[in-house]
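Here the structure is laid out as structure tokens; the discussion comes afterwards.
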Amino acid sequence: MIETIVGVIALIIGGVSVFIYRNWVDQNTKKSAQVEAKKIVQRAKSESSRVEKDAKRRAKEFEQRAKRNAENEIAKQKDKLARTEKSFLDKKKSLDHKQKSFDDEIQIELKKVEDQKARVKIAETKVKSQEAQVIDLKSRLQGELEKIAGMSQSQAKEKLVTVMEEEAKADFSRKLISLEEEYKERSEKKANRIISLAVSRVAGDYAAERVITSVSLASEEMKGKVIGKEGRNIRAMEAVCGVDLIVDEVPDTVIISGFDPVRREVARRALIELLEDGRVHPGRIEEVVRKTKSRLLKELREDGEKAINELNLTGVHPEILKLVGSLKYRTSFSQNNYYHSIEVGNLAGMMAAELGGNVKVAKRAGLLHDIGKAIDHSVEGSHAVIGADFAKKYGEKEAVCHAIRSHHEDEMPNSMIAHLVQAADAISSARPGARKSTQANYIKRLEDLESIGNSFDGVLRTFAVQAGREVRIIVDSALVTDEQSVMLSKDIAKKIEREMNYPGQIKITVMRETRAVEHAR
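Note that numbering that gives the first Met the number 0 has the sequence shown beginning at 0, numbered continuously upward.
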């Protein structure tokens, strides 16, 4: 406020100065201006004194009001603090009372715990005394029992465990025999009916067509034509057909050697045509081989179509048809794969019909289960996996591909179709006369079967009969009970499954005989 008054005074003084200056300039009004200026100055001084006094008065009044307000606020805060302090003291008093009560309760509980500990200690002393008495009594009884039984504690335990194991095995064997007889009667009837119906309706021709890998010559002079000048004909033939020609080992015969039977067939047909025509030179060889390949591929597709027509199938890709047809020139243990695949398709379809399954899918999977054998040997992997991948590539359903992949358990079968294809494949392969095996392999398999049987305790003799389709085990009746013979047959079967590879199934027969002999004198 004072600064404002001083400012006003300064402005007034400035104005007066200007006014005096102007009056000084005007000589005519100089004196009157001086007089007027003195009056104005007097008035200004009077006004400034009045304003200053008023400002001091107002400042004093403001100070007094602020002081009163502050005092009132302090009084309010003091009152609030007093109430808060009183509430705190009340709560503290209540908590002190509760704490005292809680401490009293703790003391009571601690006293109870101490009393309980004392009682427990007394009880422990009694228990230890009783345990010592029990141990002593047990020791005396054990000594008496060992004297009576004539064996130590460990021997008694072993005897007890052995007896319990034998009883458990006997109970399990009796229950197992009962269940096996119950389910075997039902399952065998149905299985025999299904398989007998399927097998009886498929007339398998086992006079398998063998792939001819040699060509007879009219005379030794024809070998010269086959070889050609400086061997150019034979080299051209080998290069175009992808086979080897051997002309010096057998008289009047050219032997065709090659891994792929289809290539050998192309070479055989081309060589016969060339020898009949008489014109044998590299250009003519390439022409005849090209035509022969074309005709053979056409025949392969036709053979594939015949197979699917025989099984009433449709929608098979031409590449798959070609592989199915080429199976005609491949054999397994002298069994023709083409006719084997058709037979497996028929068997699988018939069994699927009996079981209420998808007949067409079963036939399709059975027909295609061995197409991996027709794929070039440069592709790595088992024929089941290769065939499944090829079938999947050309649009076959997963159910068919899974059955192909799992028919030799490269993948565990998880569908009825897959199991049927496995069974049909085993039936077709295991028929008497279906496949040939060498005498050494046959004898080795019989020896392995007998060796596995003889490896079990209690077995006197083992005989492999029916070409290894059945194993008969003669056991010592004093060492093997009737119930144990059941478990023994299962153990032998599991070991054979684990250690041997064989088509179809092998029957395990355990024979136990008890003879009582007495003489009347």
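No residue lacks a Cβ here, since even glycine has one placed at the ideal position from N, Cα and C.
Model, not experiment: these values are computed from the prediction.
Check: Where the beta strand (DSSP E) containing Ala463 begins and where it ends; Outcome: 458-464
Check: In DSSP terms, what Ser331 is bridged to; Outcome: Gln334
Check: Closest Cα partner of Ile416 within the set Thr124, Asp89, Glu353; Outcome: Glu353
Check: Candidates Ile319, Arg268, Ile121, of which the one nearest Leu366 by Cα; Outcome: Ile319
Check: Buried/exposed call for Ser138, threshold 16 Cβ in 10 Å; Outcome: exposed
Check: For Asp78, the three-state DSSP class (helix, strand or coil); Outcome: helix
Check: Alpha carbon of Ser331 to alpha carbon of Asn453, nearest angstrom; Outcome: 32 angstroms
Check: Sub-9 angstroms separation of Ser488 and Ile472 beta-carbons; Outcome: yes
Check: Bridge-paired residues (DSSP) for Leu244; Outcome: Ile255
Check: Which listed residue (Gly356, Asn357, Ala364) has its alpha carbon closest to that of Ala342; Outcome: Correcting the residue identity first, residue 342 is Glu in this sequence and not Ala. Checking every option, the nearest Cα to that of Glu342 belongs to Ala364.
Check: Ser427 in three-state terms, based on DSSP; Outcome: helix
Check: Through-space distance from Phe258 to Ala402, alpha-carbon basis; Outcome: 27 angstroms
Check: Close-in-space but distant-in-sequence residues of the same chain around Val474 (CB under 8 angstroms, 5 per side omitted); Outcome: Gly457, Val458, Leu459, Ser484, Leu487, Val509, Met510, Arg511
Check: CB contact flag (Ile284, Arg267, <9 angstroms); Outcome: no
Check: Neighbourhood of Leu270 by C-beta, 6 angstroms cutoff - its chain only, sequence neighbours within 5 removed; Outcome: Val214
Check: Val279 to Leu445 span [Cα, whole Å]; Outcome: 53 angstroms
Check: Cβ-Cβ separation, Leu274 to Met221 (assumed contact under 8 angstroms), whole Å; Outcome: 6 angstroms
Check: Residue environment, Lys392, which counts as buried when at least 16 other CB atoms sit within 10 Å; Outcome: exposed
Check: Close Cβ partners of Thr313 (< 8 angstroms) along its chain, the five nearest in sequence each way excluded; Outcome: Ile307
Check: Neighbourhood of Ala69 by C-beta distance below 6 angstroms, restricted to the same chain and skipping five residues each side; Outcome: none
Check: First and last residue of the uninterrupted alpha helix (DSSP H) at Val384; Outcome: 382-392
Check: Exposed unless 16 or more other CB atoms sit within 10 angstroms - verdict on Thr161; Outcome: exposed
Check: C-alpha distance - Lys292 paired with Val265, whole-angstrom precision; Outcome: 6 angstroms
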